[in-house]
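Below is one structure, written out as structure tokens; the observations come after it.
Protein chains: 2
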Amino acid sequence: MNVDTLIKNARFVLTCDEQRTVLEQAGIAINDGRIVAIGNVDGFTATRMIDATDCIVLPGLINLHTHLPMTLLRGIAENVDLQGFLERVWAEEARIMGPKGTYLGARLGALEALLSGTTTALDMYFHPEAAHRGAVEVGLRHAIGPVFFDFPGPDGLEWSERIELTHSWPSLVEAIGGPHVPLYLMPHSPLIVNPEHLQQINELAREIDARINTHTSENDKENADTIAAHGDRPTALLRDSGLLDERTTLAHCVRLNDDDRVAIADAGASIAHNPGSNLKLASGAMDLVGYREQGITVGLGTDGCSSSNDLDMFAVLRLAANLARLVHHDPAAIGAEDIVRAATIDGASGLGMADRIGSIEVGKEADVIIVDASVPHLTPLRDPFTALVYAAGRSDVRDVFVAGEQVIADRLPTKVDQREVMEAARAHVEGRHGEDKS
Amino acid sequence: MNVDTLIKNARFVLTCDEQRTVLEQAGIAINDGRIVAIGNVDGFTATRMIDATDCIVLPGLINLHTHLPMTLLRGIAENVDLQGFLERVWAEEARIMGPKGTYLGARLGALEALLSGTTTALDMYFHPEAAHRGAVEVGLRHAIGPVFFDFPGPDGLEWSERIELTHSWPSLVEAIGGPHVPLYLMPHSPLIVNPEHLQQINELAREIDARINTHTSENDKENADTIAAHGDRPTALLRDSGLLDERTTLAHCVRLNDDDRVAIADAGASIAHNPGSNLKLASGAMDLVGYREQGITVGLGTDGCSSSNDLDMFAVLRLAANLARLVHHDPAAIGAEDIVRAATIDGASGLGMADRIGSIEVGKEADVIIVDASVPHLTPLRDPFTALVYAAGRSDVRDVFVAGEQVIADRLPTKVDQREVMEAARAHVEGRHGEDKS
């Protein structure tokens with residue numbers, strides 16, 4: 193059989209399937225966007241042959257919480273907590289983050305994400321159609337949706353205009369195209385979306401069959417402010433508005449109490465753990481292992497570049513593994529394989545896409561990355577999961593496939609010009625092309 | 193004036209001098225191993241011209257605690273604490289870590305270190321002459337010395353043989369050559385070197401004018417075991433033997449009490465902070481900011497690849513900054529510039545070499561690295577220190593100079609063949625060349 197793409201001679205294929213299958217000296221056949229064979233692929237011919245000698249092949253990483261357009265704001269707010277961070281960011285957003293800045297930032301962020309092995313991102317930002325256009329252009333699998341504030345945000349939209357955008361969102365996503373993602377609605381947080389508005393979002397989400405993404409309990413002050421403003425904790429407000437169920441991904445969840453944890457576990461909602469951002473903003477250390485033991489699905493994320501300050505999921509793998517050891521005073525708190533699963537199949541579950549992506553299995557869409565292990569810092573190579581979590585880095589990602597399309601080839605993007613993407617972003621930030629009123 | 197090397201057009205030169213001078217659009221002239229001019233270098237001609245457009249130039253990073261030969265043991269001991277780790281490591285050391293394995297591991301580790309921007313390492317291992325030969329061959333500035341155990345270690349040496357090695361150490365270092373480093377003696381820890389032996393090492397060190405490097409208070413069990421074995425805490429035992437003064441660098445110091453901290457501050461000893469290793473082995477979180485506020489010099493280190501599991505000082509920069517925020521619940525706990533200084537000038541102070549390396553100043557030896565910032569994950573570039581700590585990585589290091597010699601050029605070593613270094617290490621680990629009895 194002739195297929196579109198054959199990946200051959202991989203030292204390890206980490207399937208991340210339910211049986212935790214690891215193949216050695218194996219290949220993958222990809223056709224029409226999907227995986228059609230794994231293991232011995234000698235019987236196939238292919239239009240494109242990829243030699244993966246000395247490489248580790250695994251599912252593309254899933255960044256379960258980010259703000260890609262904010263890549264333009266990298267390094268804007270240093271040495272401040274969440275609230276100080278938001279103040280600084282909002283001022284700069286007013287200056288450069290219109291639809292054009294959003295598009296350029298999403299393009300730059302999507303490029304950085306793909307180069308570092310991330311094939312899917314659950315994104316959140318204003319002007320979601322501009323962000324989606326930018327990310328899809330570079331080749332990322334990009335889930336986003338209308339974001340909700342009680343007050344006009346940097347996008348200047350009134351509440352009624354947010355509702356209007358929601359009604360047109362399915363056709364906008366359809367028109368932009370790109371790899372399949374679910375529809376999303378994104379109330380920013382139960383702090384700045386009041387309970388009545390949360391209920392309205394719940395109704396809208398059911399109308400258009402959308403999933404939900406929101407920030408929850410990132411730090412103690414957010415919890416206290418939410419109680420002061422709306423009389424209850426963020427998780428309880430979400431539950432009472434009907435928004436807490438298996439459709440929902442909660443970003444951060446650093447400061448949950450026992451009731452919050454039980455509510456989230458009972459509801460089947462998932463959590464996006466962002467240890468880099470949480471530590472940098474001194475929000476605290478989320479209890480990854482404890483949440484997992486309660487049966488909560490926890491994926492990993494970077495948060496936006498204005499807080500974390502990059503989109504490096506390999507750095508997140510390592511930090512999540514190390515932070516869990518500190519929180520539990522236990523060097524066996526979580527194994528490297530479970531950390532890799534958190535960034536692949538568990539992230540896919542968080543997106544409601546575990547039947548489509550997150551593992552290397554016949555019939556699934558081919559979101560696959562090839563990590564070159566023939567470098568000094570991966571020599572000698574013993575367990576491949578340990579190598580990925582504790583020694584590999586984004587620069588070891590050589591090739592990236594999203595839905596079968598090779599979007600990174602030998603560390604360069606295939607769909608955009610890297611220099612042009614960087615230069616357009618810089619020019620916009622520096623105001624060389626005038627204010628962003630587009 | 194004609195010089196050996198001119199680095200031109202750097203976007204930023206971070207001198208790390210006492211005045212914290214940062215130059216923009218600047219150059220560096222290097223001659224006969226030393227820095228002869230900084231800033232406008234238009235008046236110079238040079239044998240070798242290096243264009244640093246879009247680059248950040250800074251002093252080479254100083255890894256203040258590592259075990260380079262143990263790079264061969266990368267990934268050998270996962271999900272165990274310090275004591276479990278030592279058990280597994282010692283078994284494998286008996287198999288492969290004779291003089292040949294030590295040499296091959298040091299070569300591989302030195303290569304990894306240089307590729308990731310480390311120009312100096314304070315190393316500790318058996319067969320120090322084999323390790324030194326390997327590291328110097330690759331071009332690293334490499335400080336090491338005889339290591340002491342009460343009992344025969346994997347090297348099989350009796351106490352009297354360790355004393356003999358110490359007497360011949362100055363001439364061995366002289367014969368091997370390489371960039372200047374001080375002499376060192378390395379009692380493994382006050383747990384496994386008894387007080388009488390510590391005193392003997394103190395006398396030896398004064399005889400040959402050697403500095404001291406040892407492990408101290410890495411975790412609670414080490415403290416308890418030391419008290420049980422020798423009647424006092426590690427820091428007190430070092431002080432009472434005369435070993436605690438400005439010659440001394442203490443690795444780890446995760447679990448110091450108030451008395452220990454005061455004793456170390458009063459003595460002027462320095463500390464090597466290894467956050468990656470400490471978290472991975474669940475030893476705990478060292479109080480970087482608190483120690484600094486007490487006036488203790490704290491440098492940064494990776495520890496060996498069998499615990500941490502690589503030699504990536506950029507990962508250490510980021511983790512040290514984030515961990516300090518967690519420990520102090522303060523997003524302004526320590527600034528990015530102070531983290532970079534910890535890995536450069538403060539590391540040099542720890543080695544007693546602040547007059548020679550650790551900053552870019554006229555008259556100092558030219559240990560300089562060039563970081564290429566023209567990549568998506570460093571775009572846009574605002575503050576260069578923030579970029580280095582929170583977004584840059586080892587793969588951004590393009591060129592590396594040690595004592596004026598270019599040892600890494602465009603991401604490849606100049607003094608060894610990268611493939612040969614990796615292959616020789618792999619072959620040794622896999623026993624393809626027989627047991628290491630050499």
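So the sequences go chain by chain: A and B. Using the working numbering, read the first sequence as starting at 193 and increasing by one per residue. Using the working numbering, read the second sequence as starting at 193 and increasing by one per residue. Beta carbons: idealized from backbone N, C-alpha and C, even for Gly.
DSSP three-state assignment for residue i, whether helix, strand or coil
{"i": "A/Cys497", "result": "helix"}
{"i": "A/Glu270", "result": "coil"}
{"i": "A/Val608", "result": "coil"}
{"i": "B/Asp538", "result": "helix"}
{"i": "A/Asp224", "result": "coil"}
{"i": "B/Gln392", "result": "helix"}
{"i": "B/Tyr295", "result": "helix"}
{"i": "A/Ile288", "result": "helix"}
{"i": "B/Ala457", "result": "helix"}
{"i": "B/Gln486", "result": "coil"}
{"i": "B/Tyr582", "result": "helix"}
{"i": "A/His569", "result": "helix"}
{"i": "A/Leu260", "result": "helix"}
{"i": "A/Pro374", "result": "coil"}
{"i": "B/Phe236", "result": "coil"}
{"i": "B/Ala305", "result": "helix"}
{"i": "A/Thr213", "result": "coil"}
{"i": "A/Arg203", "result": "strand"}
{"i": "A/Arg425", "result": "coil"}
{"i": "B/His334", "result": "strand"}
{"i": "B/Asp451", "result": "helix"}
Spatial neighbours of residue i in its chain, beta-carbon cut-off 7 Å, leaving aside the 5 residues before and after
{"i": "A/Asn394", "result": "Ser433, Gly434, Leu435"}
{"i": "A/Ala286", "result": "Pro346"}
{"i": "B/Arg484", "result": "Val490"}
6 Å Cβ shell around residue i - same chain, five flanking residues per side excluded
{"i": "B/Met262", "result": "Gly496, Cys497, Ser498"}
{"i": "A/Thr310", "result": "Leu253, Asn255, Met505"}
{"i": "A/Ile549", "result": "Ala540, Glu557, Asp559"}
Residues that residue i bridges to, as DSSP identifies them
{"i": "A/Met241", "result": "A/Leu198"}
{"i": "A/Pro251", "result": "A/Val560"}
{"i": "B/Val592", "result": "B/Ile561, B/Ile600"}
{"i": "B/Thr440", "result": "B/Ile404"}
{"i": "B/His465", "result": "B/Leu492"}
{"i": "A/Ile230", "result": "A/Ile220"}
{"i": "A/His620", "result": "The partner list for A/His620 (beta bridge, DSSP) is empty, contrary to what the question assumes."}
{"i": "A/Val339", "result": "A/Met378"}
Contact set for residue i: own chain, Cβ-Cβ below 8 Å, skip 5 residues either direction
{"i": "A/Pro523", "result": "Arg517"}
{"i": "A/Ile355", "result": "Gln392, Leu396"}
{"i": "A/Arg425", "result": "Ser409, Asn415, Thr418, Ile419, Asn449, Asp451, Asp452"}
{"i": "B/Arg431", "result": "Ala455, Ala459"}
{"i": "A/Gly527", "result": "Phe577"}
{"i": "A/Val532", "result": "Leu206, Cys208, Leu250, Leu509, Phe577, Leu580, Val581"}
Residue nearest to residue i in terms of C-alpha spacing, selected from the options
{"i": "B/Gly235", "options": "B/Thr213, B/Ile199, B/Leu215, B/Ala244", "result": "B/Ile199"}
{"i": "A/Met316", "options": "A/Thr294, A/Leu604, A/Lys556", "result": "A/Thr294"}
{"i": "A/Leu503", "options": "B/Thr427, B/Arg203, B/Gly585, B/Val446", "result": "B/Gly585"}
{"i": "A/Arg603", "options": "A/Val594, A/Arg590, A/Gly539, A/Arg611", "result": "A/Arg590"}
{"i": "A/Ser363", "options": "A/Ser352, A/Tyr376, A/Arg333", "result": "A/Tyr376"}
{"i": "B/Gly301", "options": "B/Arg624, B/Arg618, B/Val490, B/Ile220", "result": "B/Arg618"}
{"i": "B/Ala512", "options": "B/Leu215, B/Thr427, B/Asp479", "result": "B/Asp479"}
{"i": "B/His372", "options": "B/Leu573, B/Leu580, B/Gly544, B/His620", "result": "B/Gly544"}
{"i": "A/Leu580", "options": "A/Val508, A/Arg548, A/Met241", "result": "A/Val508"}
{"i": "A/Thr406", "options": "A/Asn449, A/Ala443, A/Ala461", "result": "A/Ala443"}
{"i": "B/Ser368", "options": "B/Val328, B/Thr606, B/Leu383", "result": "The sequence shown places Ile at residue 368 of chain B, rather than the Ser named in the question. The candidate whose alpha carbon is nearest that of B/Ile368 is B/Val328."}
{"i": "A/Glu304", "options": "A/Glu529, A/Gly219, A/His259, A/Val233", "result": "A/His259"}
{"i": "B/Ser500", "options": "A/His569, A/Ala455, A/Val519", "result": "A/His569"}
{"i": "B/His319", "options": "B/Asp246, B/Gly331, B/Gly290", "result": "B/Gly290"}
{"i": "B/Glu438", "options": "B/Asn466, B/Asp401, B/Lys472, B/Asp412", "result": "B/Asp401"}
> Using 8 Å as the Cβ pair cut-off and three pairs as the minimum, do the segment 547-560 of chain A and the segment 260-275 of chain A touch?
Replying inline: no
> Is the number of C-beta pairs between the segment 218-235 of chain A and the segment 530-542 of chain A that are closer than 8 Å three or more?
Replying inline: no
>> Does the contact criterion of 3 or more C-beta pairs under 8 Å hold for the segment 335-345 of chain B versus the segment 373-390 of chain B?
In response: yes
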